[in-house]
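Trainee: full-length UniProt numbering numbers the first residue of the sequence shown as 1 and each following residue consecutively. We treat Cβ as the ideally placed atom computed from N, Cα and C, and that holds for glycine. Before anything else, here's the structure in question.
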Amino acid sequence: MSTLLVTGGAGFIGSNFVHHVIAHTDHRVVVLDKLTYAGNRASLAGLPEDRVELVVGDIADAALVDELFGRVDQVVHYAAESHNDNSLNDPRPFLDTNIIGTYTLLEAARRHDRRFHHISTDEVYGDLELDDPERFTESTPYNPSSPYSSTKAGSDLLVRAWVRSFGVRATISNCSNNYGPYQHVEKFIPRQITNVIRGIRPKLYGAGENVRDWIHADDHSSAVLRILEAGQIGQTYLIGADGEKNNKDVVELILRLMGQPEDAYDHVTDRAGHDLRYAIDSTKLHTELGWEPRYRDFEAGLSATIDWYREHEDWWAPAKDGVEAFYAAKGQ
């Protein structure tokens, strides 16, 4: 048994990882989360108190980070400002958290010699043409297009530099778009699901041709745990589940699964600089570490996600009205 520090562990992907660790290992977990609008104590509800500790704080707080690193064995760094629309509206928090926060953690990892895994995104690679036969690999050049993806790219490069320059024992993973429980209602899939639940027509940016490579958050969690256990220090691993779908198809599938006409949605103003297509080649993760996803059927995973949001309106309802007001003011 070891103790993991999970930054951002009350957020969407981080909380799913904490649940996965508790269900599948005997590790203890210390969660460090600032509890911004995207973090939620309720996402950790029901977990055993003797194995999960929540510390409310900022990853850029060097004194707090140093104290926590002194009492854990390994670190998984999920904490990030991660919403593209918000980064276009106000880039500064993305610099503070994604760059300065990651730097602060890396310095603590160097002082304490802790195993460090950094969670990143496929968005650092930019986008692909809709008809491009290629997919992103670990050797794809970085080409970020938003304040969000550029700060995540910068944080990846910091990790690589601290491995090479200071011998920090770190790995990186770049994952495709996640879906599943505990995702904030500002995000694409839960926004549309909760709109239908509320009797609001779903909203689709532009023509909806933009393609994303979807993976269930539990599969992301199992991949990260595998990398933490067996990943080679200094290496990057891409995580994906061959789940390419365009946004129009996803909205229509949500409507069909929820018993609504497939055309019962509205087209709205497209996002500035909206990337066309993401696609992950996770061959390295399969061949070197033997990882395989559980949710290969996107429709089945999406159906289970819809059920979760139907059953947990108390979790998402407090944020819903504010999110819709924000988008309504932008015509989205």
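Could you please give me the residues that DSSP links to Phe-214 through a beta bridge?
Mentor: Walking along the sequence shown from the start, residue 214 turns up at place 214. A small correction: the amino acid at residue 214 is Trp; Phe does not occupy that position in the sequence shown. Asn-177.
Trainee: May I ask which residues mark the beginning and end of the beta strand (DSSP E) holding His-117?
Mentor: Your numbering for residue 117 matches position 117 in the sequence shown. That run of the beta strand (DSSP E) goes 115-121.
Trainee: Smallest Cα separation from Glu-288: which of Pro-147, Val-251 and Gln-232?
Mentor: Within the sequence shown, the letter at position 288 stands for residue 288. Here the closest residue by C-alpha is Gln-232.
Trainee: Going by beta-carbon coordinates alone, are Ala-10 and Val-30 separated by less than 8 Å?
Mentor: Stepping through the sequence shown from its first residue, residue 10 is reached at position 10. Stepping through the sequence shown from its first residue, residue 30 is reached at position 30. Against a cut-off of 8 Å, the Cβ pair of Val-30 and Ala-10 comes out as no contact.
Trainee: Starting from Ile-100, follow the beta strand (DSSP E) in both directions and report where the run begins and ends.
Mentor: Position 100 of the sequence shown, counting from 1, holds the residue named residue 100. It is not in any beta strand (DSSP E) - Ile-100 carries neither H nor E in the DSSP assignment.
Trainee: How many Å lie between Ser-145 and Asp-50 at the Cα?
Mentor: To locate residue 145, count along the sequence shown from 1; it is residue 145. To locate residue 50, count along the sequence shown from 1; it is residue 50. So the alpha carbons of these two residues sit roughly 43 Å apart.
Trainee: Note down the Cα distance separating Trp-316 from Glu-129, rounded to an integer number of angstroms.
Mentor: As a working mapping, residue 316 is identified with position 316 in the sequence shown. As a working mapping, residue 129 is identified with position 129 in the sequence shown. C-alpha separation (whole angstroms): 34 Å.
Trainee: Can you find the residues in the same chain that come closer than 7 Å, C-beta to C-beta, to Ser-125, ignoring five residues on each side of it along the sequence?
Mentor: For the purposes of this step, residue 125 is identified with residue 125 of the sequence shown, where counting begins at 1. The sequence given here places Tyr at residue 125; Ser does not occur at that position. Result list for Tyr-125: Phe-136, Thr-140, Tyr-142 and Asn-143, in chain order.
Trainee: Spell out the partners DSSP gives Phe-136 in its beta bridges.
Mentor: Mapped onto the sequence shown, residue 136 falls at position 136. Its beta-bridge partners are Ile-280.
Trainee: Please identify the residue among Ser-2, Leu-276, Ile-13 and Leu-35 whose C-alpha is closest to the C-alpha of Thr-25.
Mentor: Within the sequence shown, the letter at position 25 stands for residue 25. It is Ser-2.
Trainee: Any idea if Asp-297 is buried or exposed, counting beta-carbon neighbours within 10 angstroms, 16 or more meaning buried?
Mentor: Position 297 of the sequence shown, counted from the first residue, corresponds to residue 297. When all chains shown are included, Asp-297 counts as exposed.
Trainee: I'd like the span of the beta strand (DSSP E) that includes His-77, first residue to last.
Mentor: Locating residue 77 in the sequence shown gives position 77, counting from the first residue. That run of the beta strand (DSSP E) goes 74-77.
Trainee: Could you spell out the range, first to last residue, of the alpha helix (DSSP H) harbouring His-24?
Mentor: The residue given as residue 24 occupies position 24 in the sequence shown. Run containing His-24: 12-24, per the alpha helix (DSSP H) assignment.
Trainee: Flag this pair as touching only if the segment 240-248 and the segment 202-213 have three or more C-beta atom pairs under 8 Å; answer yes or no.
Mentor: Output reads yes: the segment 202-213 touches the segment 240-248.
Trainee: Please classify Lys-330: does DSSP put it in a helix, a strand, or coil?
Mentor: Taking the first residue of the sequence shown as position 1, residue 330 is located at position 330. In the structure shown, Lys-330 sits in coil (DSSP, three-state: anything other than H, G, I, E or B).
Trainee: Can you tell me whether Tyr-37 is buried or exposed? The criterion is at least 16 other CB atoms within 10 Å of its CB, across all chains shown.
Mentor: Indexing the sequence shown from 1 puts residue 37 at position 37. Under this definition Tyr-37 is an exposed residue.
Trainee: Just verifying my parser: in three-state terms, what is the DSSP assignment at Leu-47?
Mentor: For this step, residue 47 is matched to residue 47 along the sequence shown. If DSSP states are grouped into helix, strand and coil, Leu-47 belongs with coil.
Trainee: Evaluate Asp-90 with the Cβ neighbour count: other Cβ atoms within 10 Å of its Cβ, from every protein chain shown; 16 or more gives buried, anything less gives exposed.
Mentor: Position 90 of the sequence shown, counting from 1, holds the residue named residue 90. It is exposed - the Cβ of Asp-90 has fewer than 16 other Cβ atoms within 10 Å.
Trainee: Just to confirm the assignment, what range does the alpha helix (DSSP H) spanning Ile-306 have?
Mentor: For the purposes of this step, residue 306 is taken as residue 306 along the sequence shown, with counting starting at 1. From DSSP, the alpha helix (DSSP H) with Ile-306 extends over 298-311.
Trainee: Under a three-way DSSP split, which group does Asn-143 fall into?
Mentor: The count along the sequence shown starts at 1 and reaches residue 143 at position 143. Reduced to three states, the DSSP call for Asn-143 is coil.
Trainee: Between the alpha carbons of Tyr-278 and Asp-131, how many angstroms are there, rounded?
Mentor: For the purposes of this step, residue 278 is taken as the residue at position 278 of the sequence shown. For the purposes of this step, residue 131 is taken as the residue at position 131 of the sequence shown. Near 12 Å, if we compare the C-alpha coordinates of Asp-131 and Tyr-278.
Trainee: Please classify Glu-53: does DSSP put it in a helix, a strand, or coil?
Mentor: The residue you call residue 53 lines up with position 53 of the sequence shown. DSSP places Glu-53 in strand when its eight states are reduced to three.
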